[in-house]
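Q: Residue 24 is where the sequence shown starts when you use the numbering used here, and the numbers rise one by one after that. One structure is given below, represented as C-alpha cells, and several questions about it will come after.
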Amino acid sequence: MVTNLPAEAKAKFVKYMEAKTPEEKLKALQEFFAAVPKHKGTENLVRWIRKRMSELREEIKERDRKKSGSGISIFIEKEGAAQIVIIGFTKAGKSALLKALTSVNVTVSDIPYTTKMPVVGMLRYEDIQLQLIEVPSIIPAVSAWNTKSISLARNSDGLAIVLDASRDFINEFKEINSFLNEHGIYIVKPRGYIEIERKHDGGIRIVNYGKLLCPESNVVKLMNSYRIYNAVIKVYGEADLDEIERAIYENIVYKPAIVILNKIDLLKSQDMLDKFKQILPLEIPLVMTSTLSGVGLNDIGYSIFQTLKIIRIYTKPPTGKPSSKPLILRKGATVLDVAKAIHREFVEKFSYARIWGPSAKYPGQKVGLDHVLEDKDIVEINIKK
Ligand SMILES: Nc1nc2c(ncn2[C@@H]2O[C@H](COP(=O)(O)OP(=O)(O)OP(=O)(O)O)[C@@H](O)[C@H]2O)c(=O)[nH]1
Ligand SMILES: [Mg+2]
24 MVTNLPAEAK
34 AKFVKYMEAK
44 TPEEKLKALQ
54 EFFAAVPKHK
64 GTENLVRWIR
74 KRMSELREEI
84 KERDRKKSGS
94 GISIFIEKEG
104 AAQIVIIGFT
114 KAGKSALLKA
124 LTSVNVTVSD
134 IPYTTKMPVV
144 GMLRYEDIQL
154 QLIEVPSIIP
164 AVSAWNTKSI
174 SLARNSDGLA
184 IVLDASRDFI
194 NEFKEINSFL
204 NEHGIYIVKP
214 RGYIEIERKH
224 DGGIRIVNYG
234 KLLCPESNVV
244 KLMNSYRIYN
254 AVIKVYGEAD
264 LDEIERAIYE
274 NIVYKPAIVI
284 LNKIDLLKSQ
294 DMLDKFKQIL
304 PLEIPLVMTS
314 TLSGVGLNDI
324 GYSIFQTLKI
334 IRIYTKPPTG
344 KPSSKPLILR
354 KGATVLDVAK
364 AIHREFVEKF
374 SYARIWGPSA
384 KYPGQKVGLD
394 HVLEDKDIVE
404 INIKK
C-alpha cells in the first residue's frame with residue numbers, strides 16, 4: 024500500500040534529504056515524524072523513521088566520542104580487491120577465523136563480546152588480497168550497539184556470516200538475515216530491488232533490469248512529489264510503486280554473502296545440516312570450517328571470490344609483459360570497461376584489442392570494445408596512432 028503522505032509531510036521529508044549534519048537530519052526527521060499520519064499504510068515508514076532517528080542519535084554520540092579522542096571512525100578505507108565484513112552472533116568464532124586466515128593479532132576468547140571494535144586483516148586469495156573486517160557481534164535487541172557493524176556492512180563489498188555449528192544455527196541464520204533486512208541490507212536480491220541515484224540534471228530516468236509493475240509516468244509523479252526531479256532509478260526484479268516509495272526512505276542495498284559454518288568439529292546433528300542446506304539460498308556459498316583442525320579454511324578465499332562476481336584482468340602493453348597486478352572488474356565486463364579503467368584516451372583512440380586466456384577463441388584473438396571478458400584474461404589494447 025502506498026503511504027499516501029500529505030504534501031506537508033513530503034515537504035518535511037525533502038528537508039531531511041537536504042539536511043547536511045546529523046543534528047539537522049535528526050531535527051528534520053523529528054518534524055517529518057510528527058507530520059506522518061499513523062495508520063496501517065505507514066507502519067513500515069514509521070518503523071523506519073524510529074530506527075533512523077536512533078541511528079542518527081548514535082552517530083552523533085559516536086562523533087562526539089571521536090572528538091574527545093576516544094573511539095574510532097566508522098569508516099574503514101578499502102584495501103585490496105574487495106572489503107568483506109565478517110558478521111555474526113557472539114562466540115561463533117569470528118576472531119578465531121580472522122586470526123587463522125590473516126594472522127592478524129586479535130583476541131580469541133570464550134568471553135562473549137570480546138571484539139568491541141572492528142578488526143582488519145588481509146586474506147590472500149591466489150594473486151589478490153581480500154580485506155576482511157570483523158565487526159562487533161550483533162545484538163538485535165540493543166539497537167545502538169549495532170550501529171558500527173551495520174554501517175560497515177552497508178559500506179562493504181560483501182559479507183561473511185559466521186555461524187556456530189554447535190548451536191541452533193538454522194534459527195540464528197534466520198535471525199541474522201532478518202536483522203540485516205530490517206537495516207536495509209539484503210543478501211539475496213529481493214523480488215523488487217531498487218536503487219535510486221540522485222543526479223544534478225537529466226530528469227527522472229528509469230533503467231529497467233526487471234519488470235516495473237506500474238506506468239513510468241507514475242514513478243516520475245511520485246519522485247516529483249518528493250521534489251526529486253533528477254535521478255536514475257534502477258529496477259531489478261519486479262517492483263511496484265510501493266517498493267519504489269520505500270526505496271526513497273530506506274535506501275536498500277544488496278550485498279553478496281557467504282555463510283561460514285564454523286566449529287564444524289562440534290556439529291551435533293547431520294539432520295540439522297541437511298535442513299540448513301535446503302533453506303540456504305542457492306546463491307550463497309556455504310563453507311564449513313573448524314579453526315581447531317583447520318578444516319575448510321582454505322576454501323574461504325575462493326568462496327568469497329565467487330560470490331563477489333568479480334574477475335581479474337591483466338593488461339599488457341603491445342610490446343611487453345602482462346601486469347602482475349590484475350585489474351578487478353565486475354563479471355560481464357567488456358574490453359570497453361578495461362579501456363575506461365586505464366585511461367579515457369584508450370576509449371577515444373581505440374583501434375582493436377588482443378586477448379589471451381579463457382575468453383579468447385585462440386591466443387591473441389583480435390576483438391572489439393564489446394567483447395565480454397572472463398576471469399584471468401590478458402588484454403592488450405592497441406590505439407590509433
Ligand atoms: N571447538 C571449536 N571452538 C572454536 C572454533 N573457533 C572458535 N572457537 C572457540 O570459540 C570461542 C569464541 O571464539 P571467538 O573467535 O573469540 O568468537 P567471536 O565470534 O569473535 O566472538 P566475540 O567475542 O563476540 O567477538 C573461543 O573460545 C574459541 O576458541 C572452532 O572451530 N571449534
Ligand atoms: Mg571476536
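Each residue gets a CB set at the ideal place from its N, CA and C atoms; glycine is no exception.
Are three or more beta carbon pairs between the segment 123 to 141 and the segment 356 to 363 nearer than 8 Å?
A: Result no; under three Cβ-Cβ pairs closer than 8 Å.
Q: Is ASN169 buried or exposed, if buried means 16 or more other CB atoms sit within 10 Å of its CB?
A: Label assigned to ASN169: buried.
Q: Is the segment 190 to 199 touching the segment 230 to 240 in the sense that three or more CB pairs, one from each, lie closer than 8 Å?
A: The answer is no - the segment 190 to 199 does not touch the segment 230 to 240, with fewer than three Cβ pairs under 8 Å.
Q: With 16 as the cutoff for other CB atoms within 10 Å, does ASP294 come out buried or exposed?
A: The residue is exposed, with fewer than 16 neighbouring Cβ atoms inside 10 Å.
Q: Note down, in chain order, each residue of its chain lying with its Cβ closer than 6 Å to the Cβ of ILE283, except the 5 sequence neighbours on either side.
A: Contacts found: ALA183, VAL185, VAL310 and THR312.
Q: Among SER132, VAL129, PRO159 and GLN106, which one has its Cα closest to the Cα of GLN152?
A: Per the Cα distances, GLN106.
Q: Considering only C-alpha positions, which residue in the set ASP150, ASN178 and ILE275 is nearest to VAL158?
A: Among ASP150, ASN178 and ILE275, the Cα nearest to that of VAL158 is on ASN178.
Q: PHE98: buried (16+ other C-beta within 10 angstroms of its C-beta) or exposed?
A: With fewer than 16 other Cβ atoms within 10 Å, it is exposed.
Q: Evaluate contact between the segment 336 to 351 and the segment 395 to 406, counting only Cβ atoms and requiring at least three cross-stretch pairs below 8 Å.
A: With the cut-off at 8 Å, the segment 336 to 351 and the segment 395 to 406 touch.
Q: From which residue to which residue does the beta strand (DSSP E) around GLU198 run?
A: From DSSP, GLU198 is part of no beta strand (DSSP E) but of the alpha helix (DSSP H) over 192 to 205.
Q: Counting only the same chain and skipping the five closest in sequence on each side, list residues whose C-beta sits under 7 Å from that of PHE369.
A: The residues are ALA362, ILE404 and ILE406.
Q: Under a three-way DSSP split, which group does TYR39 fall into?
A: The answer is helix: DSSP assigns TYR39 an H, G or I state.
Q: Among residues of its own chain, excluding the 5 on either side of LEU303, which ones have a beta-carbon nearer than 7 Å to its beta-carbon?
A: The answer, listed in chain order, is VAL282 and LEU309.
Q: Kindly indicate which three-state DSSP category ALA167 falls into: helix, strand or coil?
A: Note: ALA167 maps to helix in three-state DSSP.
Q: If you compare alpha carbons, which of ALA254, GLY391, GLY387 and ILE365 is closest to SER374?
A: With distances taken between Cα atoms, SER374 lies closest to GLY391.
Q: Is any non-hydrogen atom of ligand 2 found closer than 8 Å to the C-beta of LYS344, if you look at the structure I gave you?
A: Checking every heavy atom of ligand 2 against the Cβ of LYS344, none is found closer than 8 Å.
Q: Measure how close the beta-carbons of ILE110 and LEU121 come, nearest whole angstrom, since I'm counting them as under 8 Å.
A: Actually they are not in contact, since the Cβ atoms of ILE110 and LEU121 sit about 12 Å apart, beyond 8 Å.
Q: Note the first and the last residue of the continuous beta strand (DSSP E) segment covering SER374.
A: Here the beta strand (DSSP E) through SER374 covers 373 to 379.
Q: Per DSSP, which residues does GLY103 bridge with? Please list them.
A: Answer is none; GLY103 lacks a bridge partner.
Q: So, ASP288 versus LEU315, is the Cβ gap smaller than 9 Å?
A: Closer than 9 Å, so yes.
Q: I'd like to check one pair, ALA34 with ARG221: are the Cβ atoms closer than 9 Å?
A: No, these two residues do not count as a Cβ contact at 9 Å.
Q: So, using beta-carbon positions, are LEU52 and ILE72 closer together than 9 Å?
A: Going by C-beta atoms, LEU52 is nearer than 9 Å to ILE72.
Q: Please report how far the alpha carbon of TYR39 lies from the alpha carbon of LEU49, in whole angstroms.
A: C-alpha separation (whole angstroms): 8 Å.
Q: Are the CB atoms of ARG214 and VAL255 within a distance shorter than 9 Å?
A: No. Outside cutoff.
Q: In chain order, what residues of the same chain lie with their CB nearer than 6 Å to the CB of ARG147, ignoring the 5 residues before and after it?
A: Excluding positions up to five away in sequence, the list is empty.
Q: Classify VAL230: buried if its beta carbon has 16 or more other beta carbons within 10 angstroms, exposed otherwise.
A: Its Cβ having fewer than 16 others within 10 Å, VAL230 is exposed.
Q: Near ligand 2, which residues have their beta-carbon closer than 6 Å to a heavy atom?
A: Cβ atoms closer than 6 Å to ligand 2 belong to LYS117, SER118, THR137, THR138 and GLU157.
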